[in-house]
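Everything on this sheet refers to the single structure shown next.
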Amino acid sequence: MNHKNSLGRTASVAQVWSPARKLLCFCLLLGFGLLFARPGYAQSPENDWTLHSAKDGVSLYYRYAKCEQQDVVLIRLKNTNKTAVEASWKEKFILRGKEISVNDGQAKTLLLPAGEAVIKDCTLAGNAEELLTPAFKYVSLLRKGVTGFEVYDFAISSK
59 MNHKNSLGRT ASVAQVWSPA RKLLCFCLLL GFGLLFARPG YAQSPENDWT LHSAKDGVSL
119 YYRYAKCEQQ DVVLIRLKNT NKTAVEASWK EKFILRGKEI SVNDGQAKTL LLPAGEAVIK
179 DCTLAGNAEE LLTPAFKYVS LLRKGVTGFE VYDFAISSK
């Protein structure tokens, strides 16, 4: 099959789609794909925390992550007070409109030193276990926009 090019000359399909043009098209498609790709939670940078709530000088952040190939939610608490406080909260997942309580609805509590942030990183031993929620125990799918994660009954008390 022959096609006329811009100069009016006839060229075969093989000439129109030469290896160089195929490579150029592939690179352009790949470049646009990477440019507009939306990274999933597993590729999120370490500082990609979502502020969930702030109360009485304490901010609670969360982010989705993978620890040892398992879906988890990491919690970060920041105490801006000049004194230590105790934070307590409850957690739940929402998947397809159904609420799933974490720890059977029992509150998590943690003592926060004055002026410090407490962060759980799944690669560090010794951090507060309250700051890691093993999502895989509660929901089969953990994705932003599909699975909701909520903290409720967030309370701060002086210590």
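The numbering used here numbers the first residue of the sequence shown as 59 and each following residue consecutively.
Cβ coordinates follow ideal geometry from the N, Cα and C atoms, glycine included.
Take the alpha-carbon of Gly115 and the one of Asp179: they are about 23 Å apart. Boundaries of the beta strand (DSSP E) around Tyr210: Thr205 to Ser216. For Ala213, the closest alpha carbon among the candidates Tyr122, Trp147, Arg134 and Val160 is that of Trp147. In the DSSP assignment, Ala175 falls within the beta strand (DSSP E) that extends over Ala175 to Ile177.
Inter-residue distance for Asn161 and Ser216 is about 24 Å (C-alpha atoms, whole angstroms). In the assembly as shown, Leu170 is a buried residue. Its beta-carbon has 16 or more other beta-carbons within 10 Å. For Phe151 and Lys166, the gap between their C-alpha atoms comes out near 15 Å. CA-CA distance, Trp107 to Leu135, rounds to 11 Å.
Under the three-state reduction of DSSP output, Lys140 falls in the coil class, being neither helix nor strand. Using a Cβ distance threshold of 7 Å, Thr191 and Glu144 do not count as a contacting pair. Under the 10 Å beta carbon count, Asp129 is surrounded by 16 or more other beta carbons and is classified as buried. The C-alpha of Lys156 lies about 10 Å from the C-alpha of Thr205. In the DSSP assignment, Leu170 falls within the unbroken beta strand (DSSP E) covering Lys166 to Leu170. Sequence-distant partners of Val197 (beyond 5 residues in either direction) whose C-beta falls short of 7 Å from its own C-beta, in its chain, are Phe151, Leu153, Ile158 and Thr205. If you ignore the 5 residues before and after Val131, its C-beta comes within less than 7 Å of the C-beta of Tyr120, Tyr122, Thr191, Ala193 and Phe207, all in its own chain and listed in chain order.
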